[in-house]
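Positions 1 to 598 (our numbering) are the ones given, in order, by the sequence shown.
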Amino acid sequence: MTQEIRKHSDDVLSRAANLHGKGETTHEIRAELEALLTEHQNTDDDQSSARVHYALATHHMIRTQLDVAIQHCEDGLRLIGGKQSPLEVELLVLLSRQYIANNVIKAREITTSAMDLSQQLNGHVTPSVLLRHAEAVGANGDVVRSIELLRQAEALFDLDGDESGRVVVLLRLCVQLINNRQYALVIEYATEVIGLADSLGRRMAKVNGFKFLAMALTGIGKPAEAYEVGKRALDIAEEHYPGHLVGDCCGVLGDVYLKLNDLPTALNCFARARNVYRESGHLNGQALCLTRMAEVYGTAGKPELAEQLLVEADELCDEIGNTVLKRSVAFVRAGLYMRQHNETGTSSMDAVDKAVDIFRRIAASTVSLSLPVLDEIDVTIKPLPPKTSDEITTPHEATEYAFKVSTLGSFCVERGGTEISMEEWKRKKARDVFKYLVTRHRRSVSVDEIVMHVWGEDVDVERCLPTLQNAVSAIRTALEPGIKPRQTSRYIQFRDGSYTLDLGPDSVVDLHDYTARATTAISIIDPHQRLEELGRVADLYTGDFLPDDIYDDWTDFTRITTRELAIEVLNQLAATQFSLDMGAAARITMQRLGALDP
1 MTQEIRKHSD
11 DVLSRAANLH
21 GKGETTHEIR
31 AELEALLTEH
41 QNTDDDQSSA
51 RVHYALATHH
61 MIRTQLDVAI
71 QHCEDGLRLI
81 GGKQSPLEVE
91 LLVLLSRQYI
101 ANNVIKAREI
111 TTSAMDLSQQ
121 LNGHVTPSVL
131 LRHAEAVGAN
141 GDVVRSIELL
151 RQAEALFDLD
161 GDESGRVVVL
171 LRLCVQLINN
181 RQYALVIEYA
191 TEVIGLADSL
201 GRRMAKVNGF
211 KFLAMALTGI
221 GKPAEAYEVG
231 KRALDIAEEH
241 YPGHLVGDCC
251 GVLGDVYLKL
261 NDLPTALNCF
271 ARARNVYRES
281 GHLNGQALCL
291 TRMAEVYGTA
301 GKPELAEQLL
311 VEADELCDEI
321 GNTVLKRSVA
331 FVRAGLYMRQ
341 HNETGTSSMD
351 AVDKAVDIFR
361 RIAASTVSLS
371 LPVLDEIDVT
381 IKPLPPKTSD
391 EITTPHEATE
401 YAFKVSTLGS
411 FCVERGGTEI
421 SMEEWKRKKA
431 RDVFKYLVTR
441 HRRSVSVDEI
451 VMHVWGEDVD
461 VERCLPTLQN
471 AVSAIRTALE
481 PGIKPRQTSR
491 YIQFRDGSYT
501 LDLGPDSVVD
511 LHDYTARATT
521 AISIIDPHQR
531 LEELGRVADL
541 YTGDFLPDDI
551 YDDWTDFTRI
561 TTRELAIEVL
571 NQLAATQFSL
581 DMGAAARITM
591 QRLGALDP
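Below is the structure:
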């Protein structure tokens with residue numbers, strides 16, 4: 001290959017990579033790549049030809065032409081397979097991404113091979129390979145393991161300062177957390193993705209961030225807000241990304257209308273999404289839409305039509321190998337016929353809860369609508385904004401505190417009575433470091449200790465220092481919005497290799513406030529004073545410590561000890577009530593205790 005041809009090749013591939021990195025492509029770049037492939041094939045340059053196959057596969061993946069993308073990946077692997085090069089790893093990862101929508105078992109096999117090869121080449125698995133393997137693991141049903149792997153990948157991207165990589169990981173985390181109904185975390189991650197996507201110029205990532213944010217808002221019962229976010233995502237997708245992303249956004253809006261019990265519009269949205277998925281060969285999306293439409297028909301009193309769709313969805317799930325989606329089919333079927341145990345062979349409370357949620361909607365429905373059958377739905381009709389909403393407003397509690405930090409039941413920091421928003425925190429790691437420091441409020445915490453608990457025991461502390469410093473900088477501006485870069489913070493200090501967080505005497509941290517007041521209440525001797533104070537303290541425990549951070553090992557000890565203290569408070573309260581002949585009140589307390597300590 002001449003120097004001129006190589007220079008031209010590098011230029012085309014570089015422009016393609018920059019465009020594809022934003023989730024975008026053009027017919028012109030495809031034509032240039034195809035011409036380049038012909039040039040390389042004429043020179044028998046296998047490595048360069050494989051690079052072009054990789055770029056063409058990426059182009060067709062963005063266009064949701066999965067079969068063509070698979071063919072280019074396989075052609076590239078035939079040229080360089082077995083030579084143990086980084087490009088071989090990249091082709092394997094890209095190939096797995098095509099199969100994740102249609103054959104998750106094969107996708108996991110491919111990512112396992114990529115993991116092994118990456119380990120051989122680098123001495124460790126690269127984060128890009130790790131996150132795609134995590135995606136396949138999650139689609140195969142092991143959500144907990146998938147989240148664990150994704151957090152490892154996030155930590156590695158964070159250490160490398162790779163914000164684009166973090167965006168992808170956060171989006172994959174949203175997928176798994178939506179499946180686990182951890183909506184608060186999804187809102188946090190999706191909001192961070194939207195901010196990062198703006199700064200990086202990643203429009204497709206921003207659309208996906210809006211998509212997951214809308215899903216989480218629907219999940220927490222805010223369909224009006226979810227509609228606004230979901231519609232914004234759909235508008236951008238329709239303009240720039242014709243293909244399965246449009247289907248995703250239509251499905252998100254379908255969930256909003258289903259939440260509002262607007263069954264005809266929900267059915268329209270799901271049917272439109274299914275058509276988009278069918279045109280792009282996206283089997284996973286088709287199965288999901290069939291499941292949702294079955295739920296609509298079931299709610300409308302059409303169980304026969306619902307069962308027909310569930311059978312078709314079940315067959316697609318078997319073909320794909322997606323066990324997570326197959327469970328969703330079982331949940332809907334259980335909601336229709338209350339036979340969840342027979343259909344899935346599981347008795348998990350989570351499964352029962354999901355089934356009962358759907359059952360309640362269907363069984364309690366008095367609606368009898370004449371909905372069109374699937375083939376007669378006019379998907380060209382665009383839905384109007386919802387006419388009604390279940391808007392839930394949560395007025396901020398009046399407070400005289402400079403800062404009020406909530407860690408029990410949920411995480412929230414109020415500054416002067418106003419909650420510090422996701423945008424003000426700027427990055428998730430800032431919140432994570434703050435959570436760790438506030439748990440040790442007014443105590444000196446070494447850099448090594450922070451890194452070990454927030455990033456993990458096996459990471460290099462020196463590599464983490466820049467990221468930690470960025471996180472602390474974000475904490476400073478979140479607590480003091482007007483602070484200048486080199487100005488001393490009133491609340492967070494660094495001395496002798498350690499950080500100390502002290503929010504001042506006019507602030508309250510619920511964890512420490514609860515612990516102190518509970519300990520005092522238990523030690524009171526006078527039964528009437530003891531009764532009064534124990535009753536107040538019992539109401540302060542609003543839930544487990546940082547429930548959205550159960551995968552962070554450092555939170556376990558505090559979560560367990562605080563719960564044990566809450567159990568002791570209720571035990572002592574019930575005993576005091578019995579001693580004062582307050583039997584009815586004591587029985588209510590025992591019911592609360594049973595819910596906390598079953």
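Positions of the beta carbon are idealized from the N, C-alpha and C atoms, including for glycine. Note that the structure is a prediction, hence the values are computed from the model and not measured.
With burial defined as no fewer than 16 other Cβ atoms inside 10 Å of the residue's Cβ, what is the status of L408: buried or exposed? buried
Measuring CA to CA, which of Q572, V438, G201, S328 is closest to I492? With distances taken between Cα atoms, I492 lies closest to V438.
Inter-residue spacing [alpha-carbon to alpha-carbon] between K106 and N322: Looking at the backbone, the Cα of K106 and that of N322 are separated by about 11 Å.
Along the chain, which unbroken stretches of the alpha helix (DSSP H) at least 4 residues long are found entirely within the segment 6 to 71? 27 to 43, 46 to 62
For I567, which three-state DSSP category applies? helix
Extent of the continuous beta strand (DSSP E) to which V445 belongs: In the DSSP assignment, V445 falls within the unbroken beta strand (DSSP E) covering 444 to 446.
Rounded to a whole number of angstroms, what is the C-alpha to C-alpha distance between R587 and A574? 8 Å
Spatial neighbours of P303 in its chain, beta-carbon cut-off 6 Å, leaving aside the 5 residues before and after: L336
Between G416 and the rest of its own chain, which residues show a CB-CB distance below 6 Å, the 5 nearest in sequence each way excluded? Sequence-distant partners of G416 (beyond 5 residues in either direction) whose C-beta falls short of 6 Å from its own C-beta are missing from its chain.
In the DSSP assignment, what are the bridge partners of K404? E414, V508
Thinking C-beta only, is V324 closer than 9 Å to A31? no
Give me whichever residues DSSP pairs with Y257 in a beta bridge. BP columns for Y257 are empty, so no partner.
Apart from the five residues just before and just after H59, which ones in its own chain have a Cβ nearer than 6 Å to its Cβ? T25, R30
Go to T500, then tell me how far its beta strand (DSSP E) extends in each direction, as first and last residue. 498 to 501
When the Cα of V405 is compared with those of G221, D513, N284, G195, which residue comes out closest? When C-alpha distances from V405 are compared across G221, D513, N284, G195, the shortest belongs to D513.
For the beta strand (DSSP E) containing F545, name the first residue and the last one. No beta strand (DSSP E) holds F545; DSSP gives it neither H nor E.
Sort P383, H244, V509, L245 by Cα distance to L258 and report the nearest one. P383
Anticipated Cβ contact below 8 Å, G285 with G243, distance rounded: Not really, about 10 Å apart at Cβ, beyond 8 Å.
C-alpha distance - L283 paired with S328, whole-angstrom precision: Taking the CA atoms as reference points, L283 sits about 15 Å from S328.
Residue range of the beta strand (DSSP E) that I475 falls in? That residue, I475, is in no beta strand (DSSP E); its alpha helix (DSSP H) goes 461 to 479.
Measuring CA to CA, which of D502, D67, R78 is closest to A402? Comparing Cα positions, the closest option is D502.
Let me check you understand the geometry: is the CB of E304 closer than 8 Å to at least one non-hydrogen atom of the ligand HEM? For the ligand HEM, the structure offers nothing, since it holds no ligand at all.
Is the beta carbon of E312 less than 9 Å from the beta carbon of L288? no
Between F157 and A190, which are expected to be in contact by the criterion C-beta below 8 Å, what is the C-beta distance as a whole number of angstroms? 17 Å between Cβ atoms; not a contact.
I need the boundaries of the alpha helix (DSSP H) containing Y147, first residue and last residue. First, the amino acid is wrong: residue 147 is Ile here, not Tyr. Note, I147: alpha helix (DSSP H), 143 to 160.
With DSSP run on the structure shown, which of helix, strand or coil describes Q487? coil
According to the neighbour-count rule (16 or more other Cβ atoms, all chains shown, within 10 Å of its Cβ), is F411 buried or exposed? buried
Going by DSSP, what residues sit across from I492 in a beta bridge? L501
At least one CB of chain B closer than 9 Å to the CB of Q71: is that the case? Of the protein chains in the structure, only one exists, and it is not chain B.
Mapping the DSSP letters down to three states, classify E457 as helix, strand or coil. coil
Between which two residues does the alpha helix (DSSP H) holding D432 run? 428 to 439
Quick one: what's got a C-beta closer than 7 Å to V169's C-beta in the same chain, skipping five residues either side? L131, L150, A153, E154, F157
Tell me, to the nearest whole angstrom, how far the beta carbon of C666 is from that of V276; I am working on the premise that it is less than 8 Å. Absent from the structure is residue 666, since the part of the chain shown begins at 1 and ends at 598.
Identify, in the order they occur along the chain, each residue of the same chain with its Cβ nearer than 8 Å to the Cβ of D581, setting aside the five sequence neighbours on each side. none
Through-space distance from T218 to T555, alpha-carbon basis: 28 Å
Out of D162, R172, D553, S421, which one is the CA nearest neighbour of C464? D162
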